[in-house]
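Just below is one structure, and these are the notes that go with it.
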Amino acid sequence: MNELLYTISKSSFMKFEQCEKAFFLNKYQAHLKDKLSIEKQLTFSRGHDVGKLAQHLFPGGIDVREQTANLREAAQLTADLVAQNKSVIYEATFVHNQTLVMVDILVLTEHGYAAYEVKSSLKISSTYVKDACLQYYVLSHVLKKEVSFFLVCLNEAYALKGSLEVKHLFKKREVTKTAKTNLSYFETQVNSAQDCLKQSNVPQKPLGTHCLSPYTCDFYGYCWHGVFNQQKPTVFQLTKAGRERLMEWFNKGILWLEDLPDDLVAEKVLIQQKKSILSGKEIIAQNALRELLAPVNHSVCALDIEVFAPAIPVYQNKHPFESTPFLVTCVGQNYNHHYFKPFQEEDLTDFAQALLQLTKPFEHVLVFDASLETKIIEELKLKTTYVTQLEQLQAKLVDVNLVYRDLAYFNPLFQSGTGLKTIAQVLFPALDYTKLAIQDGLQAMHAYGSLAETTDLFKNEELQNQLIAYCENDSRVTLAFFNYLKTKL
Ligand code: SF4
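Read in order, the letters of the sequence shown correspond to residues 122 to 610 in our numbering.
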């Protein structure tokens, strides 16, 4: 019989660290996992691209995963390459104590080996350090030489000037000391994980904040199904309570909103929200709503801007993940216009001109959560000569999202969110986002990025239309919500 190569992978170990039930289900009942979200898929693909680029830090290596997709062969090939003293190996595959890890970059140095784990983020989290420590645990047992371990992430201080300088795009942090100090912890945890897999029943684990931290668990939908699919309102509909508190109540056995005593809820807004949900009546705080919306007359449009914020900068002077606006839609009564920045266009002058032109006929410009628009306008002020006009535009902005700040408005049918998608779903089904090909900002960003890679004009046009439809929907829902709120005054 072919003996199992490994029982624990790096990603399954991280599941064990989060929750043993998730780890066990992942091994034996993987079909219960939630469908991989587009957001997660895009994050994986970004990680893959950044990892590939980081290989240029140590060029000329052999990529084990390009040689074989079979893990047993990958481990054997890695062992052969190590035996031959190859200087750089990518995706080096090792197994120790039934635990398999694939090291992004392994470099033979004069002191031994340097291993690099690449992360497509700006910050190194404690989860990344744990991930590195597990790899070190395996490497320190299988390699005969001293190992140093580094985490590599994107350098926020780097700005693209001329062509991409991979050496400066990334920064590294050594974690060898931490990994060495924690070797016994990982030995114990790996053994516990193996014992966990020998159980005949699924480990019992109460639901809690660990279901969402450090990552949303792959079995979230499965485990929480019974909680979120209830006929009666639950405490989880208190959107302003915060995750920690919701879990605290839930773990005290309080699921039904009607069972939540008012004295457990200190803030007035939460008590109001609770009353609204239980009575099924909207909150309409006339004074607050009037203060915010009454000054807005009929000369009004709704604006939405989409941005492109790639991990690897493509425009000059941009940092990793720094955003560049590429699409603006402006919708008013019998008015619907947009501007789409061609991917190759670096200069933002045309964008600023278009933004000013589109909003010029209106005295008031609605946005939903002004933070992005404000940031973009500030950037345009720095990079173009339209400072005065842009300041005038800033003065016209009205943030409709502020109706939630002191609960000037709340709708009891908003189950667990108050964003544009929820608003459309509950109040304007004709504008429901599920009908659109692109349904969120991350998808929009990815679609825009893909315009650079395709020369198919029809495909480009289709993507462009999908992006405009998505952005325009945001503008439409913002305007419709504003009009709806006006009827409540
Ligand atoms: S949803 Fe929570 S309890 Fe269920 S497996 Fe995931 S982390 Fe564990």
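The beta-carbon is built from N, C-alpha and C at its ideal position, and this holds for glycine as well.
query                                                                                                                                                                : result
Measure from the alpha carbon of Gln-150 to the alpha carbon of each residue in Val-287, Tyr-343, His-485 and Val-421, then state which is nearest.                  : Tyr-343
Which residues neighbour the ligand SF4 when neighbourhood means a C-beta less than 5 Å away from any of its non-hydrogen atoms? List them by chain order.           : Cys-140, Lys-142, Ala-143, Lys-326, Cys-332, Cys-338, Phe-340, Tyr-341 and Cys-344
Use the C-beta contact count for Asn-303: other C-beta atoms within 10 angstroms, 16 or more gives buried, fewer gives exposed.                                      : buried
Rounded C-beta distance between Asp-573 and Phe-447? I'm assuming under 8 Å.                                                                                         : Correcting the residue identity first, residue 573 is Ala in this sequence and not Asp. Not a contact, Cβ separation roughly 11 Å.
Give the range of the beta strand (DSSP E) segment to which Phe-520 is assigned.                                                                                     : The sequence given here places Asp at residue 520; Phe does not occur at that position. From DSSP, the beta strand (DSSP E) with Asp-520 extends over 518 to 520.
Using CA coordinates, which residue listed in Ile-405, Val-311 and Phe-179 is at the minimum distance from Ala-529?                                                  : Ile-405
Span of the alpha helix (DSSP H) holding Val-171?                                                                                                                    : 159 to 175
State buried or exposed for Gln-176, treating a residue as buried only when at least 16 other CB atoms are found within 10 Å of its CB.                              : buried
Under the three-state reduction of DSSP, which class applies to Arg-526: helix, strand or coil?                                                                      : coil
Helix, strand or coil: which one does DSSP assign to Ser-242?                                                                                                        : coil
Below 7 Å, is the gap between the Cβ of Phe-349 and the nearest heavy atom of the ligand SAM?                                                                        : With respect to the ligand SAM, the structure offers nothing, as its ligand set consists of the ligand SF4.
What residue range does the beta strand (DSSP E) around Ser-269 cover?                                                                                               : 268 to 275
If you run the structure through DSSP and keep just helix, strand and coil, what is Asp-595?                                                                         : helix
Give me the residue from Trp-370, Arg-193, Thr-220 and Ala-235 with the minimum Cα distance to Tyr-211.                                                              : Ala-235
Per the DSSP calculation, Val-222 is bridged to which residue(s)?                                                                                                    : Phe-215
Could you tell me whether the region 575 to 591 touches the region 515 to 534, using the rule of 3 or more Cβ pairs below 8 Å?                                       : no
Once you ignore the five residues that flank Leu-514 on each side, which residues in its own chain have a CB closer than 8 Å to its CB?                              : Leu-476, Leu-477, Thr-480, Val-486 and Ile-498
Please report how far the alpha carbon of Phe-134 lies from the alpha carbon of Tyr-460, in whole angstroms.                                                         : 47 Å
Could you tell me whether the Cβ atoms of Val-263 and His-232 are closer together than 8 Å?                                                                          : no
Looking only at its chain, what residues have a beta carbon closer than 6 Å to the beta carbon of Arg-597, apart from the 5 residues adjacent to it on each side?    : Val-452 and Leu-552
In three-state terms, what does DSSP make of Asn-457?                                                                                                                : strand
Tell me which same chain residues have a C-beta within less than 8 Å of the C-beta of Arg-167, skipping the five on either side of it?                               : Ser-241 and Ala-432
When burial is assigned at 16 or more other CB atoms within 10 Å of the CB, is Asp-425 buried or exposed?                                                            : buried
Alpha helix (DSSP H) containing Glu-295: first to last residue?                                                                                                      : First-last for Glu-295: 291 to 295, but that is the beta strand (DSSP E), not the alpha helix (DSSP H).
Going by Cα to Cα distance, which pick from Lys-266, Leu-243, Glu-267 and Phe-271 is closest to Asp-252?                                                             : Phe-271
Measuring straight from C-alpha to C-alpha, what distance separates Gly-401 and Leu-534?                                                                             : 8 Å
Between the C-alpha atoms of Ser-208 and Cys-254, what's the straight-line distance to the nearest angstrom?                                                         : 22 Å
For Ala-600, I'd like the list of residues in its chain whose CB is within less than 8 Å of its CB, leaving aside the five on either flank, ordered along the chain. : It should be pointed out that residue 600 corresponds to Leu in this sequence rather than to Ala. Contacts found: Val-421, Cys-422, Ala-423, Val-452, Gly-453 and Leu-487.
Can you have a look at Asn-323 and say buried or exposed, based on whether 16 or more other CB atoms are within 10 angstroms of its CB?                              : Note that residue 323 is Val in the sequence shown here, rather than Asn. Its Cβ having fewer than 16 others within 10 Å, Val-323 is exposed.
Look up Phe-602 in the DSSP assignment and say whether it is helix, strand or coil.                                                                                  : helix
Using the rule of at least 16 other Cβ atoms within 10 Å of the residue's Cβ for burial, across every protein chain shown, is Val-296 buried or exposed?             : buried
Check whether the Cβ atoms of Ala-415 and Leu-606 lie closer than 8 Å to each other.                                                                                 : no
Starting from Phe-137 and walking both ways along the alpha helix (DSSP H), at which residues does that stretch end?                                                 : 131 to 139
At 4 residues or longer, what runs of the alpha helix (DSSP H) sit wholly inside the region 389 to 437?                                                              : 389 to 400 and 407 to 414
If you drop the 5 nearest sequence neighbours on each side, which residues of the same chain put their C-beta closer than 6 Å to that of Lys-502?                    : Val-508 and Leu-511
Have a look at Val-185 and Ala-200 and give me their C-alpha separation to the nearest angstrom.                                                                     : 11 Å
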